[in-house]
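Participant: Before anything else, here's the structure in question.
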């Protein structure tokens with residue numbers, strides 16, 4: 001058995017059967033693959049507040065992500081955070097006192113597109129399916145937007161950044177974590193790109209496997225898939241050719257209690273969680289709870305199954321990941337200086353939103369000034385500048 005086969009088999013077993021040796025082998029393989037592809041883990045979190053979700057806010061600009069050293073919080077290693085209780089739940093009138101809850105209807109779980117066998121042909125997708133991120137993204141689209149799709153992981157890789165650069169790193173910083181990174185967008189990347197799927201999600205959203213096949217990394221977005229609006233829930237014919245969850249990204253939580261895990265499931269939907277004990281083997285994709293048991297999604301070969309055998313803990317703390325609408329959070333309070341790359345400009349057709357945006361106030365130089373006005377000024381500058389430059393030739 002090869003290292004990769006062992007890795008995928010370990011990930012596909014029921015957690016109750018995983019031995020510590022299997023988990024440690026998986027962790028060692030992850031580390032080996034990470035080192036092989038020059039990936040580095042996030043700096044150790046020193047003092048993250050369990051009341052917050054942490055995330056990085058940078059956008060992809062010209063195929064790059066630039067993270068300014070000065071913007072990174074020294075305690076958490078992230079650039080932004082939001083209080084958990086400030087997030088509106090995806091499900092209304094539900095509390096953690098409920099006997100049972102799931103982020104989406106599970107009665108036909110086996111027939112959901114994310115649950116079914118994934119499209120083979122790309123080793124990266126196989127690894128991501130095995131460790132749960134494939135299900136995390138697919139079930140999030142269902143829980144948040146009501147869309148039953150098989151997520152295109154290869155699309156997220158393709159439309160993510162090609163470089164991660166760090167700006168303003170002081171000479172006194174000795175960690176190589178802040179070295180610039182070039183991403184290799186191939187199916188052989190195995191583990192590395194998993195850490196950066198969040199950027200493709202935020203910029204383009206998730207496409208379905210029907211639109212962008214998981215067989216390989218695409219050259220470009222197929223013409224038929226360039227619809228920009230979210231489809232109507234349950235309209236799967238449209239969902240197959242539409243991206244969803246654009247503007248969302250991964251957010252991280254630290255040292256939360258089991259009760260808070262329930263609250264996170266109500267507010268955000270599916271989540272990945274692992275014990276705050278770095279030596280623990282608890283790593284799960286949770287979608288709800290039922291009569292004192294967690295509702296856990298587990299890989300079973302090339303499909304997913306539901307498991308309700310694990311007790312909801314009464315003690316301990318957990319770290320993990322959710323998916324949240326960070327663009328809505330960051331753009332809640334827009335100023336005249338807010339970059340349009342961070343918060344898109346409102347359409348002139350939406351007069352209320354356009355007039356309310358402070359970036360439209362200065363019709364000549366405002367970041368969101370009417371396109372015709374800004375274009376007109378650009379033409380004027382060009383008309384005046386070109387003849388002037390010709391005097392020097």
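Residue numbers (the UniProt record's numbering): 1 to 393. Backbone N, C-alpha and C fix where the C-beta goes; we use that ideal spot for every residue, glycine too.
Could you name each continuous beta strand (DSSP E) segment of 3 residues or more that falls completely within the stretch 247-295, going from the start of the chain to the end?
Facilitator: 249-256, 271-275 and 283-290
Participant: Quick one: what's got a C-beta closer than 6 Å to residue 202's C-beta in the same chain, skipping five residues either side?
Facilitator: Within the chain shown, numbered from 1, the residue matching residue 202 stands at position 202. Correct list, in chain order: 249.
Participant: What does the alpha-carbon distance come out to for the pair residue 151 and residue 182?
Facilitator: Taking the chain shown and counting its residues from 1, one reaches residue 151 at position 151. Taking the chain shown and counting its residues from 1, one reaches residue 182 at position 182. Their backbone Cα atoms lie some 25 Å apart in a straight line.
Participant: Okay, do the stretch 75-87 and the stretch 46-61 touch, 3+ Cβ pairs below 8 Å being the bar?
Facilitator: yes
Participant: To the nearest angstrom, how far is it from the Cα of residue 314 to the Cα of residue 292?
Facilitator: Within the chain shown, numbered from 1, the residue matching residue 314 stands at position 314. Within the chain shown, numbered from 1, the residue matching residue 292 stands at position 292. Residue 314 and residue 292: Cα-Cα distance of roughly 10 Å.
Participant: Can you give me the Cβ contacts of residue 225 inside the same chain, cut-off strictly under 7 Å, excluding the 5 residues immediately before and after it?
Facilitator: The residue given as residue 225 occupies position 225 in the chain shown. Cβ neighbours of residue 225 beyond the five flanking positions: 207, 211, 212 and 241.
Participant: Indicate the three-state DSSP secondary structure (helix, strand or coil) for residue 188 in the structure shown.
Facilitator: Position 188 of the chain shown, counting from 1, holds the residue named residue 188. Looking at residue 188 - three-state DSSP - the assignment turns out to be coil, as it is neither helix nor strand.
Participant: Hey, is the stretch 155-163 in contact with the stretch 113-121, meaning 3+ C-beta pairs nearer than 8 Å?
Facilitator: no
Participant: Relative to the alpha-carbon of residue 155, which residue among 199, 71, 169 and 299 has its alpha-carbon at the smallest distance?
Facilitator: In the chain shown, residue 155 corresponds to position 155, counting from 1. Looking at the Cα atoms, 199 is the closest of the given residues.
Participant: Is residue 195 closer than 8 Å to residue 254 when the C-beta atoms are compared?
Facilitator: Along the chain shown, one-based indexing puts residue 254 at 254. Along the chain shown, one-based indexing puts residue 195 at 195. Cβ atoms of residue 254 and residue 195: not closer than 8 Å.
Participant: By DSSP, does residue 83 sit in helix, in strand, or in coil?
Facilitator: One-based indexing of the chain shown puts residue 83 at position 83. Residue state, collapsed to three classes: strand.
Participant: Since residue 130 is in the beta strand (DSSP E), which residue starts that stretch and which ends it?
Facilitator: Locating residue 130 in the chain shown gives position 130, counting from the first residue. Segment 123-131 is the alpha helix (DSSP H) holding residue 130; no beta strand (DSSP E) there.
Participant: Can you tell me whether residue 242 is helix, strand or coil according to DSSP?
Facilitator: To locate residue 242, count along the chain shown from 1; it is residue 242. Here residue 242 sits in strand by DSSP.
Participant: Using a 10 Å radius around the Cβ and a threshold of 16 neighbouring Cβ atoms, would you call residue 356 buried or exposed?
Facilitator: Residue numbering aside, residue 356 sits at position 356 when the chain shown is read from its first letter. Exposed, since its Cβ has fewer than 16 Cβ neighbours within 10 Å.
Participant: Give every residue of the same chain whose Cβ lies closer than 6 Å to the Cβ of residue 205, excluding the five residues on either side of it in the sequence, and list them in chain order.
Facilitator: By 1-based counting over the chain shown, the position of residue 205 is 205. Around residue 205: 243, 244, 245 and 246.
Participant: Mind checking which residues open and close the alpha helix (DSSP H) that includes residue 202?
Facilitator: Position 202 of the chain shown holds residue 202. Unbroken alpha helix (DSSP H) run through residue 202: 197-204.
Participant: Nearest to residue 267 by CA position, among 325, 153 and 359, is which residue?
Facilitator: Locating residue 267 in the chain shown gives position 267, counting from the first residue. Ranking the options by Cα distance to residue 267, first place goes to 325.
Participant: In chain order, what residues of the same chain lie with their CB nearer than 7 Å to the CB of residue 128, ignoring the 5 residues before and after it?
Facilitator: By one-based count along the chain shown, residue 128 stands at place 128. Counting only Cβ-Cβ distances below 7 Å, and skipping sequence neighbours, we find 134, 153 and 194.
Participant: By the DSSP assignment, the alpha helix (DSSP H) with residue 352 in it spans what residues?
Facilitator: Walking along the chain shown from the start, residue 352 turns up at place 352. From DSSP, the alpha helix (DSSP H) with residue 352 extends over 351-356.
Participant: Per DSSP, which residues does residue 61 bridge with? Please list them.
Facilitator: The residue labelled residue 61 in the question sits at position 61 within the chain shown. DSSP, once it has assigned bridges, lists 64 as partnering residue 61.
Participant: Under 8 Å between the Cβ atoms of residue 221 and residue 272?
Facilitator: Translated into the one-based positions of the chain shown, residue 221 becomes position 221. Translated into the one-based positions of the chain shown, residue 272 becomes position 272. Contact flag unset, no.
Participant: Helix, strand or coil for residue 307 per DSSP?
Facilitator: Along the chain shown, read from residue 1 onward, the residue named residue 307 stands at position 307. Residue 307: strand per DSSP, three-state reduction.
Participant: Between the alpha carbons of residue 40 and residue 215, how many angstroms are there, rounded?
Facilitator: Start at 1 with the first residue of the chain shown, and residue 40 comes out as number 40. Start at 1 with the first residue of the chain shown, and residue 215 comes out as number 215. Any answer about residue 40 is weak, because its pLDDT of 42 lies below 50 and its placement is not dependable; what the coordinates show is given next. C-alpha separation (whole angstroms): 27 Å.
Participant: For a test of the three-state rule: what should DSSP assign to residue 214, helix, strand or coil?
Facilitator: Within the chain shown, the letter at position 214 stands for residue 214. If DSSP states are grouped into helix, strand and coil, residue 214 belongs with coil.
Participant: Measure the C-alpha to C-alpha separation of residue 289 and residue 101 and round it to an integer number of angstroms.
Facilitator: For this step, residue 289 is matched to residue 289 along the chain shown. For this step, residue 101 is matched to residue 101 along the chain shown. Looking at the two C-alpha atoms, the distance is approximately 5 Å.
Participant: Assuming residue 295 and residue 305 form a contact by the criterion Cβ under 8 Å, report the distance between their Cβ atoms to the nearest whole angstrom.
Facilitator: Indexing the chain shown from 1 puts residue 295 at position 295. Indexing the chain shown from 1 puts residue 305 at position 305. Between residue 305 and residue 295 the Cβ distance is about 11 Å, and since that is not below 8 Å, they are no contact.
Participant: Taking C-alpha atoms, which residue in 74, 97 and 338 lies nearest to residue 169?
Facilitator: As a working note, residue 169 is residue 169 in the chain shown. Nearest option by C-alpha distance: 74.
Participant: For residue 76, count the other beta carbons within 10 Å of its own beta carbon; 16 or more makes it buried, fewer makes it exposed. Which is it?
Facilitator: Reading the chain shown from its first residue, position 76 is the one you call residue 76. Classification for residue 76: buried.
Participant: Counting only the same chain and skipping the five closest in sequence on each side, list residues whose C-beta sits under 8 Å from that of residue 64.
Facilitator: Looking up residue 64 in the chain shown gives position 64. If we look at residue 64 and ignore the five residues flanking it on each side, its Cβ neighbours are 161, 162, 163, 164 and 165.
Participant: Under 8 Å by Cβ, that's how I've got residue 285 and residue 104 pegged, so tell me the actual separation to the nearest angstrom.
Facilitator: On the chain shown, residue 285 is found 285 positions in, with the first residue counted as 1. On the chain shown, residue 104 is found 104 positions in, with the first residue counted as 1. At roughly 13 Å, the Cβ-Cβ gap does not stay under 8 Å, so residue 285 and residue 104 are not in contact.
Participant: Taking the beta carbon of residue 342 as the centre, do at least 16 other beta carbons fall within 10 Å, making it buried, or is it exposed?
Facilitator: In the chain shown, counting from the first residue as 1, residue 342 sits at position 342. Exposed is the call here.
Participant: For residue 78, which three-state DSSP category applies?
Facilitator: For the purposes of this step, residue 78 is identified with residue 78 of the chain shown, where counting begins at 1. Coil at residue 78, not helix or strand.
Participant: Are the beta-carbon atoms belonging to residue 113 and residue 72 less than 8 Å from one another?
Facilitator: As a working note, residue 113 is residue 113 in the chain shown. As a working note, residue 72 is residue 72 in the chain shown. Contact: no.
Participant: Within the same chain, show all residues whose beta-carbon is closer than 6 Å to that of residue 307, passing over the 5 residues directly before and after it, in chain order.
Facilitator: The residue given as residue 307 occupies position 307 in the chain shown. Only 296 and 298 meet the Cβ criterion.
Participant: For residue 66 versus residue 58, is the C-beta distance shorter than 8 Å?
Facilitator: Position 66 of the chain shown, counted from the start, is the residue given in the question as residue 66. Position 58 of the chain shown, counted from the start, is the residue given in the question as residue 58. Yes.
Participant: Would the beta-carbon of residue 359 fall within 8 Å of that of residue 334?
Facilitator: Here residue 359 refers to the residue found at position 359 when the chain shown is read from its first residue. Here residue 334 refers to the residue found at position 334 when the chain shown is read from its first residue. Cβ atoms of residue 359 and residue 334: closer than 8 Å.
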